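Q:
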Amino acid sequence: MNKAIKYRIYPNKNQEELLQKTFGCCRKIWNLMLSDKINYYKETKKSLQTTPAKYKKEYEYLKEVDSLALTNIQLNLQKAYKIFFRDKKIGFPKYKSAKKSKKTYTTNNQKGTIQININKIKLPKIGEIKAKIHRQAEEGWIIKSATITQEKDGTYYASILYEYNKQIEKVVITDKVIGLDYKSDGLYTDSNGKTCGSPKYYRKSEKKLARLQRKLSKKEKGSNNRKNARMKVAKLQNHISNQRRDFLHKESTRIANLYDVICVESLDMKAISNKDFGNGKATLDNGYGLFQNMLAYKLQDRGKYFVKIDKWYPSSQICSKCKNKKQIKLSERVYSCECGNRIDRDVNAAINIKNEGLRQLKIA
Ligand SMILES: [Zn+2]
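Letter 349 of the sequence shown, counting from 1, is numbered 349 in this note's numbering, and no numbers are missing.
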């Protein structure tokens, strides 16, 4: 099993310079390889296999950075090609622009070249970087790789990927089962009738963000004021995304401890973001995807069950009491059935998700 933990890092001036150089070299090698592959294909109709080493003579500065970071670019490019040929909808690999592409690279641990120490993370070529180690690895965890990124607000993070083997005894299925119905203006409604919305501090931050964005739009283009305003927006966006991840971690840990089986619905994230959200709001439903991933591994860690039911399952149309099925409009907040069942539509859906999840689990 794998687990990634993201640490804030504080590079000194020299380290920052080298990190920036590595980001740049990764972008450079991606673009060089992509362009050579495209040209080679045009001429020969065959695909070119190329490595970073081939470019180091012409671009000597490539030798100054972590060579594993460059090798990972080669692998990523191969992956992007493979995905494109499997599913043309994904699109052909694109060139990375200096302005828009994310500043990031991944390097691998080779016999201790990556280490977590007290308040420090050791990285190949970079050395020990000051870091906030909010969580230590558990016994038996092995460091596989590190992904270094710089966010738009200028902060740096190292995401460390750990691998571990754990013999987990499966929990016997009891009545500690719950179904969750996705809530577009919060997180979920559960089959016990409880609703989990987004926390107050989160809504407060979002209001503040809207205010800052309005201010930004009024600043003169190219001015220093605009630059400062943009930095403020980027800082707050980063803060919000950290707040959201924290909240999702806490909530997923809480219910993974409480229940033995958690059933959710697979969601077509694209359909949801188009239907329920205006601009910028779509980040919330990404949150639900992230929340499901967290639940999946946290339940697995505990030997418990995470069941995802099909997105076509008509959870909102079925009566959770008599199983009768009928159409229900989005505006109808109460599901009311001929059998006498009158129930909040979301709670009804959550109960159906729970029942369907249990059914799937028992035949599996
Ligand atoms: Zn009914």
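Each residue gets a CB set at the ideal place from its N, CA and C atoms; glycine is no exception.
Computed from a prediction, not measured in an experiment: that's the story for all the values here.
Just to confirm, does C339 get its C-beta within under 7 Å of one of the non-hydrogen atoms of ligand 1?
A: It does: the Cβ of C339 is within 7 Å (strictly closer) of some heavy atom of ligand 1.
Q: If we count the other Cβ atoms within 10 Å of its Cβ and call it buried at 16 or more, is Q15 buried or exposed?
A: Buried, because 16 or more other Cβ atoms sit within 10 Å of the Cβ of Q15.
Q: How about K79: is its Cβ closer than 7 Å to a heavy atom in ligand 1?
A: Answer for K79: no, Cβ out of range of ligand 1.
Q: Give every residue of the same chain whose Cβ lies closer than 6 Å to the Cβ of N72, excluding the five residues on either side of it in the sequence, and list them in chain order.
A: Around N72: T106.
Q: What are the boundary residues of the beta strand (DSSP E) that includes S191?
A: Neither: S191 is in no beta strand (DSSP E) and is coded neither H nor E.
Q: Verify whether the separation of the beta carbon atoms of V261 and K304 is less than 8 Å.
A: Yes, they are a contact pair.
Q: Report buried or exposed for V177, applying the criterion of at least 16 other Cβ atoms within 10 angstroms of its Cβ.
A: Buried, by the Cβ-count rule.
Q: With DSSP collapsed to three states, give me the class of Q20.
A: Note: Q20 maps to helix in three-state DSSP.
Q: Quick check on Q20: buried or exposed, where buried means 16 or more other Cβ atoms within 10 Å of its Cβ?
A: By the neighbour-count rule (16 or more Cβ atoms within 10 Å), Q20 is not buried but exposed.
Q: Pull up the DSSP beta-bridge partners for D181, would you.
A: In the DSSP output, where bridge partners are listed per residue, D181 has T189.
Q: Does the distance from the C-beta atom of Y162 to that of W141 stay below 8 Å?
A: Cβ distance < 8 Å, so Y162 and W141 count as in contact.
Q: Would you kindly report the start and end of the unbroken alpha helix (DSSP H) that includes E365?
A: In the structure as shown, the chain begins at 1 and stops at 364. Residue 365 is therefore absent and cannot be evaluated.
Q: Quick one: Cα of A234 to Cα of E220, how far?
A: Distance between the alpha carbons of A234 and E220: 18 Å.
Q: Given a cut-off of 8 Å on the beta-carbon distance, is the pair I148 and I133 in contact?
A: Contact: no.
Q: When DSSP labels each residue in this structure, what does C263 get in the three-state scheme?
A: C263: strand per DSSP, three-state reduction.
Q: So what's Q213 in DSSP terms, helix, strand or just coil?
A: Helix at Q213.
Q: Among S336, D301, N348, which has the Cα closest to the Cα of I368?
A: Because the chain spans 1 through 364 in this model, residue 368 falls outside it and cannot be assessed.
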